[in-house]
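Shown next, in structure tokens, is the structure this report addresses.
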Amino acid sequence: MSRLAAMFAQLQQKNRAALIPFITAGDPSLTATVPLMHALVESGADAIELGMPFSDPMADGPSIQRASERALGRGVKLRMVLEWVREFRRSNQQTPVILMGYLNPLEAMGMATFAELAAGAGVDGVIIVDLTPEEGREESALLKARGVDPIFLLAPTSGAARVQTVRELGSGFVYYVSLRGITGAAQSDWPEVLKRVGELRRELALPVAIGFGIRDAETVTRVAQGADAVVVGSALVEQLADCSNDQAAVQVAKNFIQALAGAVQKPRSVQ
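Under the working numbering, think of the first position of the sequence shown as 5, with each following residue one higher.
Shown next, in the form of structure tokens:
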């Protein structure tokens with residue numbers, strides 16, 4: 005059983021949604037990434053979504069865009085991100101790690117090479133934001149062949165044909181973009197979002213994570229009622245941006261996750 009499958013099985017028994025924080029690799033410093041990953045887990049994160057910096061992160065809001073710019077300015081490369089995951093794995097073999105990024109750097113490396121190196125580093129899943137399921141058959145096959153889950157995005161505008169393609173090609177979980185916008189934007193229609201997530205869970209037979217628009221414990225509680233996982237990104241990235249050193253960043257991350265960790269318990273009636 006993969007780390008992601010094991011995590012979701014364990015959390016289902018506990019009637020909990022997974023809490024998955026996002027950070028950008030190499031921000032707020034080159035030495036902060038691995039300590040931050042450990043701090044997130046120690047504070048209650050169930051998995052980690054690690055952003056691969058890219059020069060044109062079209063789906064990301066200003067906070068994550070600036071984090072990518074800062075990381076790239078420090079010289080962060082894709083191989084460095086993979087090495088940080090490998091370092092994290094030296095003392096943590098349980099927590100799933102999902103890489104999130106864009107297709108261009110992966111193609112520059114070569115998808116077969118990337119899939120092999122990601123698997124060797126201990127990556128569990130990969131989200132390629134600008135790769136549609138219809139165009140991702142080859143990439144999906146390469147990742148699956150190495151035991152890495154290709155995780156696809158679905159949005160409120162996704163039709164039945166795309167949902168079926170994701171069911172065919174995706175694994176691990178599905179990332180539901182809960183609004184028509186960029187990361188960090190606000191979401192106001194959570195009942196409609198949760199209704200659609202319930203439908204997708206039945207249609208896909210895969211766990212569904214909700215991301216975009218989640219910034220505080222109140223929202224995490226609301227989203228956890230219907231989702232299998234809650235992804236929190238921009239709000240944490242914004243706080244890390246103001247940290248003057250790694251020790252401060254680690255403390256900020258711990259405080260942030262501790263405030264959310266108790267909010268992912270589902271109501272007793274929700275299974």
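All C-beta atoms in this analysis are idealised placements derived from N, C-alpha and C, irrespective of residue type, glycine included.
Can you give me the Cβ contacts of residue 266 inside the same chain, cut-off strictly under 6 Å, excluding the 5 residues immediately before and after it? none
Quick one: using the 10 Å Cβ neighbour count with 16 as the cut-off for buried, is residue 139 buried or exposed? exposed
Proximity of residue 36 and residue 244 at Cβ, strictly below 9 Å: yes
Cβ atoms of residue 102 and residue 238: under 9 Å apart, would you say? no
By Cβ distance below 7 Å, which residues in the same chain neighbour residue 120 in space, the five residues on each side in sequence not counted? 150
By a C-beta neighbour count over all protein chains shown, 10 Å radius and 16 as the cutoff for buried, is residue 160 buried or exposed? exposed
Suppose the cutoff is 7 Å on Cβ atoms and the five residues either side in sequence are ignored; what does the same chain contact list for residue 118 look like? 110
Beta-carbon proximity list for residue 269, same chain, < 6 Å, skipping 5 on both sides: 20
Would you call residue 136 buried or exposed, if buried means 16 or more other Cβ atoms sit within 10 Å of its Cβ? exposed
Go through its chain and collect everything with a Cβ distance to residue 146's Cβ below 7 Å, but skip five positions before and after it. 115, 116 and 119
In chain order, what residues of the same chain have a beta carbon less than 8 Å from the beta carbon of residue 152, not counting five sequence neighbours either side? 119, 122, 123, 127, 128, 129 and 130
Does the beta-carbon of residue 57 have 16 or more other beta-carbons within 10 angstroms, so that it is buried, or is it exposed? buried
Can you give me the C-alpha to C-alpha distance between residue 186 and residue 253, rounded to a whole angstrom? The pLDDT assigned to residue 186 is 44, lower than 50, so where the model puts this residue is not dependable; a value taken from the coordinates is nonetheless given after this. Their Cα atoms are separated by approximately 25 Å.
Using 8 Å as the cut-off, can you tell me whether the stretch 87 to 100 makes contact with the stretch 40 to 55, which would need three or more C-beta pairs spanning the two stretches below that distance? yes
Below 9 Å between beta carbons: does that hold for residue 201 and residue 216? no
Is residue 143 buried or exposed, if buried means 16 or more other CB atoms sit within 10 Å of its CB? buried
Whole runs of the alpha helix (DSSP H) within the stretch 94 to 136, excluding any shorter than 4 residues: 107 to 113 and 115 to 125
Please report the Cβ distance between residue 173 and residue 206, rounded to the nearest whole angstrom; I am assuming they are in contact, meaning their Cβ atoms lie under 8 Å. No, residue 173 and residue 206 are not in contact; Cβ-Cβ is about 18 Å, not under 8 Å.
Could you say which of 247, 165 and 83 lies nearest to residue 71 if we only look at CA atoms? 247
Assuming the contact rule is C-beta atoms closer than 8 Å, residue 154 and residue 182 should be a hit. Round their C-beta distance to whole Å, please. Contact flag wrong, Cβ pair sits at about 21 Å.
Would you decide whether residue 10 is buried or exposed? Buried here means 16 or more other CB atoms lie within 10 Å of its CB. exposed
Among 165, 271 and 255, which residue has its Cα nearest to the Cα of residue 42? 255
Cβ neighbour criterion (16 or more within 10 Å) applied to residue 30: buried
Output needed for residue 240: all residues of its chain with C-beta closer than 6 Å, excluding positions within five of it in sequence on either side, in chain order. 25 and 260
What is the rounded straight-line gap between the Cα of residue 283 and the Cα of residue 77? Residue numbering for the chain in the displayed model covers 5 to 275; residue 283 lies beyond these limits and cannot be assessed.
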